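In terms of this note's numbering, the sequence shown is numbered consecutively and its last residue is 429. Structure first, then comments.
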Amino acid sequence: MKSLSVRGVRIDRLSNTTVVTLREEDAPRRQFEIFIGAPEAASIKTALDAEQTPRPLTHDLFVLALERVSVSVSRVILTHVSNGTYYADLVLTPDGGPEVTVSSRPSDALAIALRASCPIFVLDDLIDLVGEVIEEDETLTDTGIIDEFRDFIENISPEDFDT
267 MKSLSVRGVR IDRLSNTTVV TLREEDAPRR QFEIFIGAPE AASIKTALDA EQTPRPLTHD
327 LFVLALERVS VSVSRVILTH VSNGTYYADL VLTPDGGPEV TVSSRPSDAL AIALRASCPI
387 FVLDDLIDLV GEVIEEDETL TDTGIIDEFR DFIENISPED FDT
């Protein structure tokens with residue numbers, strides 16, 4: 267198993283569908299995306315941004331209910347993909363009891379994991395199948411973009427706008 271981090275959510279331009287981006291924490295830092303529903307994407311984004319809502323959202327409520335009955339979310343495991351559909355397991359630990367595994371949609375499992383602050387894993391076979399090594403291009407990093415923009419501002423002249 268490999269440890270994963272949730273990199274973010276976005277809208278895929280070609281399909282106009284929301285996707286969640288996941289990246290392997292250790293080298294080679296393979297990355298992959300899963301198409302998810304808009305409500306789940308919003309829930310994941312809310313958790314990533316640590317936004318507080320006036321009332322608990324569905325995934326917040328799930329974690330709060332588990333806590334009230336002394337059950338913790340130990341980890342989330344992305345297990346496999348079949349016909350383009352990804353599968354995940356929530357591993358729950360009741361206080362004083364054995365672990366219980368519950369099948370879940372990855373989007374729900376990720377939203378819950380972020381709220382429960384539990385680790386997210388992917389099975390080796392799955393990351394080997396779908397993971398791609400993404401080369402970090404300095405021009406795409408925040409620092410690279412800021413430096414490039416700063417250079418542009420420092421060297422711009424009114425003549426650059428003449429047509």
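We treat Cβ as the ideally placed atom computed from N, Cα and C, and that holds for glycine. These numbers were taken from a predicted model, which means no experiment stands behind them.
Quick one: what's got a C-beta closer than 8 Å to residue i's C-beta in the same chain, skipping five residues either side?
| i | result |
| --- | --- |
| Q297 | R273, T287, L288, R289, E290, G397, E398, V399 and I400 |
| L406 | No answer about L406 holds up, because its pLDDT of 43 lies below 50 and its placement is not dependable. |
| D391 | H346 |
| T319 | T312 and D326 |
| M267 | I343, F387, V388, L389 and D390 |
| L314 | V272, G274, V275 and L380 |
Please name the residue in the options whose C-alpha comes closest to that of residue i.
| i | options | result |
| --- | --- | --- |
| A304 | L392, A293 and V275 | V275 |
| A360 | S336, M267, D391 and S373 | Note on identity: in this sequence residue 360 is Pro, with Ala being the wrong assignment. Ranking the options by Cα distance to P360, first place goes to S336. |
| D374 | D355, V347, Q318 and R321 | D355 |
| V285 | E306, L270, E333 and M267 | E306 |
| A382 | L323, V339, D394 and G363 | V339 |
| N349 | I277, F301 and V357 | F301 |
| V368 | G362, T324 and L358 | L358 |
| T351 | R341, S370 and S269 | S370 |
| D385 | L332, R341, A293 and E333 | Reading off the sequence shown, one finds Pro at residue 385, where the question assumed Asp. Of L332, R341, A293 and E333, the residue nearest in Cα terms is R341. |
With a threshold of 6 Å on Cβ separation, who are the neighbours of residue i within its own chain once the five nearest residues in sequence on each side are excluded?
| i | result |
| --- | --- |
| D278 | V285 |
| S271 | R289 and E291 |
Skipping 5 residues on each side, what residues in its chain have a beta carbon closer than 7 Å to that of residue i?
| i | result |
| --- | --- |
| F328 | I378 |
| E317 | none |
| P294 | V399 |
Counting along the chain, where does the alpha helix (DSSP H) carrying residue i start and finish?
| i | result |
| --- | --- |
| R371 | That residue, R371, is in no alpha helix (DSSP H); it is neither H nor E in DSSP. |
Along the chain, where does the beta strand (DSSP E) that runs through residue i open and close?
| i | result |
| --- | --- |
| I277 | K268 to D278 |
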